[in-house]
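Asker: I have a structure here, written as structure tokens, and I will follow up with some questions on it.
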Amino acid sequence: MPADATLPLTGRALGEVIFRRGATPVTAARFLAEVAALAARLPDEGPVLNFCADRYLALVGFAAALSRGQVTLLSADRSAPRLADIARLHGARYALSDTDAALPLPVLRPAVEPAGDGANPAIPAAAIAAIAFTSGSTGEPRPHAKPWGALVAGARAAAERFAVAPGTSIVGTIPAQHMYGFETTLMLPLVAAGAAHAGPVFYPSDIQEALAALPAPRLLVTTPLQLRALLGAGVPLPPLAGIVSATAPLAESLAAAAEETFGAPVLEIYGATEAGSVASRRTLDGEAWDPYPGMRFTIAEAGAEVAVPGLALPVPLADTLEWCGEGRFRLLGRRGDMVKLAGKRASLAGLTRILTTIEGVEDGLFLAPDDIDRNPRARLAAAVVAPGRSAEEIVATLRDKVEPAFLPRPVVLLDALPRDALGKVNRARIVELAWRRREPATDALHIGDAEP
Numbered sequence: 001m002p003a004d005a006t007l008p009l010t011g012r013a014l015g016e017v018i019f020r021r022g023a024t025p026v027t028a029a030r031f032l033a034e035v036a037a038l039a040a041r042l043p044d045e046g047p048v049l050n051f052c053a054d055r056y057l058a059l060v061g062f063a064a065a066l067s068r069g070q071v072t073l074l075s076a077d078r079s080a081p082r083l084a085d086i087a088r089l090h091g092a093r094y095a096l097s098d099t100d101a102a103l104p105l106p107v108l109r110p111a112v113e114p115a116g117d118g119a120n121p122a123i124p125a126a127a128i129a130a131i132a133f134t135s136g137s138t139g140e141p142r143p144h145a146k147p148w149g150a151l152v153a154g155a156r157a158a159a160e161r162f163a164v165a166p167g168t169s170i171v172g173t174i175p176a177q178h179m180y181g182f183e184t185t186l187m188l189p190l191v192a193a194g195a196a197h198a199g200p201v202f203y204p205s206d207i208q209e210a211l212a213a214l215p216a217p218r219l220l221v222t223t224p225l226q227l228r229a230l231l232g233a234g235v236p237l238p239p240l241a242g243i244v245s246a247t248a249p250l251a252e253s254l255a256a257a258a259e260e261t262f263g264a265p266v267l268e269i270y271g272a273t274e275a276g277s278v279a280s281r282r283t284l285d286g287e288a289w290d291p292y293p294g295m296r297f298t299i300a301e302a303g304a305e306v307a308v309p310g311l312a313l314p315v316p317l318a319d320t321l322e323w324c325g326e327g328r329f330r331l332l333g334r335r336g337d338m339v340k341l342a343g344k345r346a347s348l349a350g351l352t353r354i355l356t357t358i359e360g361v362e363d364g365l366f367l368a369p370d371d372i373d374r375n376p377r378a379r380l381a382a383a384v385v386a387p388g389r390s391a392e393e394i395v396a397t398l399r400d401k402v403e404p405a406f407l408p409r410p411v412v413l414l415d416a417l418p419r420d421a422l423g424k425v426n427r428a429r430i431v432e433l434a435w436r437r438r439e440p441a442t443d444a445l446h447i448g449d450a451e452p
């Protein structure tokens, strides 16, 4: 793409429906008018911190700022301390929100007030449209700049991969400020296809009501955590064209149960905040991942990287990959996920998959202590949600499935893993439970909901 290339704010025809606010369909023409009205109210300088819960307001705010040449800061963590940190560290001049917020900068409410027509501005492809932040589940959240051209290319590739038609209704359970939610529920309808549901959706009843209110075909964009909750709740859903999952590994058993219950294919996205979504697979078809159109992977012994259209440089990947034929690759685990004990190697992700297939185990996670590479007495731990099962029973089952060196000591029995709204585990919290509160006599703990 030429250095001076531009791309329109929306690639949709003016009469196409790109969002649904309750029973109200929003066409591209109405959207552009509302963007122009908000842009006229914005301060002259950004960046802007956008944490609107209503997806449509989040999109209007993003587009208005972009049309004024301002960068949007996106954080899935909506806590006041985290937002204040981002505002301070990245020079935010104001914020957009549809709720009350106490922040050390002006907060504007992006009311939709169309006044006449709105232009479809041309945006420089190289312009930084947003800065997205990693979740921070394994450390301090890190910022990643997103050029407009890369965002557009990613949304178009996703629309092609998932065969999203112009009339497809998209319901997302992920915050619009998370890169996964931003790409699938804001960028996809903005530049490619589909009409997204505006309201925040999280609980099974929310998902049921949102889908029932929308016309077919329907696409549900969610996480393994919420998919498990949806199945557990037993709520009926209207016919679905597909289910898309990301943010955490999806167990084959969970995917199989979802396909049988809802009668729709379950597809996974592979990606990272740094690169965006870059590949997908149908979970029940096996381990192979198919790169999105236009994504170029380089896989070598030293590591893997992906060249994303619109990004100046290839993005190094934190995972170990290997080619498995026909341009597809297999995910072996994170580079930092491999552990070595007693001369043997294993992947923590692989051990976790084995753990979660044990009968009665509803959720679980293997993890390694920080000193595993230098302490010959270091041992792995496992955090497990398994009502009615004991630590001894779980370890006994694992003896037939894993090398003795990798048997967890201790096993931490929890009522629920400390996961955030996206299903990501707070590793620091489990580390504290596993090694700082260990009971040496039993090598097991049970921590209930009342535990701080």
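Under full-length UniProt numbering, residues 1 to 452 are what the sequence shown spells out, in order.
Even glycine gets a Cβ: it sits at the ideal position worked out from N, Cα and C.
(1) May I have the straight-line CA-CA distance separating P215 from S169, to the nearest angstrom?
(2) Which residues does DSSP pair with A307 in a beta bridge?
(3) Can you say whether A89 is buried or exposed, counting buried as having 16 or more other CB atoms within 10 angstroms of its CB?
(4) A176: buried (16+ other C-beta within 10 angstroms of its C-beta) or exposed?
(5) Can you give the beta carbon distance from V60 to G118, rounded, assuming they're within the 8 Å contact cut?
(6) Once you ignore the five residues that flank P309 on each side, which residues in its own chain have a CB closer than 6 Å to its CB?
(7) What residue from P147, A159, A64 has the CA that sits closest to I120's CA?
(8) Take the Cβ of P410 as the centre, count every other Cβ of all protein chains shown within 10 Å, and call the residue buried at 16 or more, exposed below.
(9) If you measure between the beta carbons of L231 and A212, is that distance less than 8 Å?
(10) Could you give the DSSP three-state label for V48: helix, strand or coil?
(11) If you reduce the DSSP assignment to three classes, tell me which class G91 lands in.
(12) Assign P224 to one of two classes, buried (16 or more other C-beta atoms within 10 Å of its C-beta) or exposed (fewer than that).
(13) Assuming A264 and G242 are in contact, meaning their beta carbons sit under 8 Å apart, how far apart are those beta carbons, in whole angstroms?
(14) Skipping 5 residues on each side, what residues in its chain have a beta carbon closer than 7 Å to that of P204?
(15) Could you tell me the distance, in whole angstroms, from the CA atom of F62 to the CA atom of S97?
(16) Can you give the Cα-Cα distance for R328 and G364, rounded to whole angstroms?
(17) Which residues in the same chain have their Cβ closer than 6 Å to the Cβ of A190, if we skip the five residues on either side of it in sequence?
(18) Measuring only the C-alpha atoms, how far is L341 from A275?
(19) I need the boundaries of the alpha helix (DSSP H) containing residue 455, first residue and last residue.
(20) Please classify K344 as buried or exposed, where buried requires at least 16 other C-beta atoms within 10 Å of its C-beta.
(21) Would DSSP call Y56 helix, strand or coil?
(22) From L413 to A383, what does the alpha carbon distance come to, in whole angstroms?
(23) So which of A5, P25, G15, V221 has the shortest CA-CA distance to L422?
(24) Using the C-alpha atoms, what's the distance from A39 back to E268?
(25) How many whole angstroms separate the CB atoms of V431 and L367, which I take to be in contact at a CB cut-off of 8 Å?
(26) If I measure Cβ to Cβ from T397 and keep anything under 7 Å in the same chain, skipping five residues before and after, which residues do I get?
(27) Taking buried to mean at least 16 other C-beta atoms within 10 Å of its own C-beta, is A195 buried or exposed?
(28) Within 10 angstroms of its Cβ, does L284 collect 16 or more other Cβ (buried), or is it exposed?
(29) Note down, one range per segment and in chain order, each alpha helix (DSSP H) of at least 4 residues found wholly within the segment 330 to 416.
(30) DSSP puts H197 in a beta bridge; with which residues?
(31) Quick one: what's T72 bridged to in DSSP?
(32) Which value, in whole angstroms, describes the spacing of the CA atoms of residue 457 and P81?
(33) Going by the CB atoms, is the gap between I372 and V402 shorter than 8 Å?
(34) I need the straight-line Cα distance from L42 to V171, nearest angstrom please.
(35) Would you grab the beta carbon distance between T27 and L14 for me? Rounded to a whole angstrom, and I think it's under 8 Å.
(36) Expressed to the nearest angstrom, what Euclidean distance is found between the alpha-carbon atoms of T320 and P291?
Answerer: Considering the structure as presented:
(1) Sequence index remark: in the sequence shown, residue 215 carries index 215 (1-based). Sequence index remark: in the sequence shown, residue 169 carries index 169 (1-based). Separation of P215 and S169 (C-alpha to C-alpha, rounded to the nearest whole angstrom) is 7 Å.
(2) For the purposes of this step, residue 307 is taken as residue 307 along the sequence shown, with counting starting at 1. DSSP lists R296 as partners of A307.
(3) Position 89 of the sequence shown, counted from the first residue, corresponds to residue 89. Correcting the residue identity first, residue 89 is Leu in this sequence and not Ala. It counts as exposed.
(4) For this step, residue 176 is matched to residue 176 along the sequence shown. The C-beta of A176 has 16 or more other C-beta atoms within 10 Å across all chains shown, which makes the residue buried.
(5) The sequence position of residue 60 within the sequence shown is 60, counting from 1. The sequence position of residue 118 within the sequence shown is 118, counting from 1. Rounded, the Cβ-Cβ distance is 11 Å, inconsistent with contact.
(6) Sequence index remark: in the sequence shown, residue 309 carries index 309 (1-based). Counting only Cβ-Cβ distances below 6 Å, and skipping sequence neighbours, we find A153, G294.
(7) In the sequence shown, residue 120 corresponds to position 120, counting from 1. Note that residue 120 is Asn in the sequence shown here, rather than Ile. Nearest to N120 by alpha-carbon distance, out of P147, A159, A64, is A64.
(8) Against the sequence shown, residue 410 aligns to sequence position 410. That one is buried.
(9) Sequence index remark: in the sequence shown, residue 231 carries index 231 (1-based). Sequence index remark: in the sequence shown, residue 212 carries index 212 (1-based). No. Outside cutoff.
(10) To locate residue 48, count along the sequence shown from 1; it is residue 48. In the structure shown, V48 sits in a strand (DSSP, three-state: E or B).
(11) The residue you call residue 91 lines up with position 91 of the sequence shown. Taken through DSSP and simplified to helix, strand or coil, G91 comes out as coil.
(12) Locating residue 224 in the sequence shown gives position 224, where the first residue counts as 1. The residue in question, P224, is buried, as its Cβ has 16 or more Cβ neighbours within 10 Å.
(13) Here residue 264 refers to the residue found at position 264 of the sequence shown. Here residue 242 refers to the residue found at position 242 of the sequence shown. In this structure, A264 and G242 form a Cβ contact; the two beta carbons are roughly 5 Å apart against a cut-off of 8 Å.
(14) Here residue 204 refers to the residue found at position 204 of the sequence shown. Residues A229, L230, A233, V235 of the same chain have their beta carbon placed closer than 7 Å to that of P204, with the five preceding and five following residues left out of the count.
(15) Mapped onto the sequence shown, residue 62 falls at position 62. Mapped onto the sequence shown, residue 97 falls at position 97. Answer to the nearest angstrom: the Cα atoms are 11 Å apart.
(16) Your numbering for residue 328 matches position 328 in the sequence shown. Your numbering for residue 364 matches position 364 in the sequence shown. Their Cα atoms are separated by approximately 29 Å.
(17) By one-based count along the sequence shown, residue 190 stands at place 190. Residue identity differs from the one stated: residue 190 is Leu in this sequence, not Ala. Excluding residues within five positions, the ones whose Cβ falls inside 6 Å are T10.
(18) If you number the sequence shown from 1, residue 341 lands on position 341. If you number the sequence shown from 1, residue 275 lands on position 275. Note on geometry: alpha-carbon atoms of L341 and A275 lie some 33 Å from one another.
(19) In the structure as shown, the chain starts at 1 and stops at 452, and residue 455 therefore has no counterpart that could be examined.
(20) Indexing the sequence shown from 1 puts residue 344 at position 344. Only exposed fits K344, as fewer than 16 other CB atoms lie within 10 angstroms of its CB.
(21) Position 56 of the sequence shown, counted from the first residue, corresponds to residue 56. Three-state result, Y56: helix.
(22) In the sequence shown, counting from the first residue as 1, residue 413 sits at position 413. In the sequence shown, counting from the first residue as 1, residue 383 sits at position 383. Rounded to whole angstroms, L413 and A383 show a C-alpha spacing of 6 Å.
(23) Taking the first residue of the sequence shown as position 1, residue 422 is located at position 422. Checked all of A5, P25, G15, V221; the closest Cα to L422 is V221.
(24) For the purposes of this step, residue 268 is taken as residue 268 along the sequence shown, with counting starting at 1. For the purposes of this step, residue 39 is taken as residue 39 along the sequence shown, with counting starting at 1. For E268 and A39, the distance between alpha carbons rounds to 36 Å.
(25) As a first step, residue 431 is located in the sequence shown; it is residue number 431 there, counting from the start. As a first step, residue 367 is located in the sequence shown; it is residue number 367 there, counting from the start. For V431 against L367, the beta-carbon gap comes to about 7 Å, under 8 Å, which counts as contact.
(26) Locating residue 397 in the sequence shown gives position 397, where the first residue counts as 1. The residues are I358.
(27) On the sequence shown, residue 195 is found 195 positions in, with the first residue counted as 1. Counting Cβ neighbours within 10 Å, A195 comes out buried, since at least 16 surround it.
(28) If you number the sequence shown from 1, residue 284 lands on position 284. Flag for L284 reads exposed.
(29) As far as the segment 330 to 416 is concerned, its whole alpha helix (DSSP H) runs of at least 4 residues are 348 to 356, 391 to 399.
(30) One-based indexing of the sequence shown puts residue 197 at position 197. DSSP lists R20 as partners of H197.
(31) Taking the first residue of the sequence shown as 1, we reach residue 72 at position 72. According to DSSP, T72 bridges with V48, A130.
(32) Residue 457 is absent from the structure shown; the chain starts at 1 and stops at 452.
(33) For this step, residue 402 is matched to residue 402 along the sequence shown. For this step, residue 372 is matched to residue 372 along the sequence shown. In this structure, I372 does not lie closer than 8 Å to V402 by Cβ.
(34) Indexing the sequence shown from 1 puts residue 42 at position 42. Indexing the sequence shown from 1 puts residue 171 at position 171. Whole-angstrom Cα-Cα distance: 29 Å.
(35) Counting from 1 along the sequence shown, the entry for residue 27 is found at position 27. Counting from 1 along the sequence shown, the entry for residue 14 is found at position 14. Right, their Cβ atoms sit about 7 Å apart.
(36) Here the question's residue 320 lines up with position 320 in the sequence shown. Here the question's residue 291 lines up with position 291 in the sequence shown. The alpha-carbon atoms of T320 and P291 are separated by roughly 15 Å.
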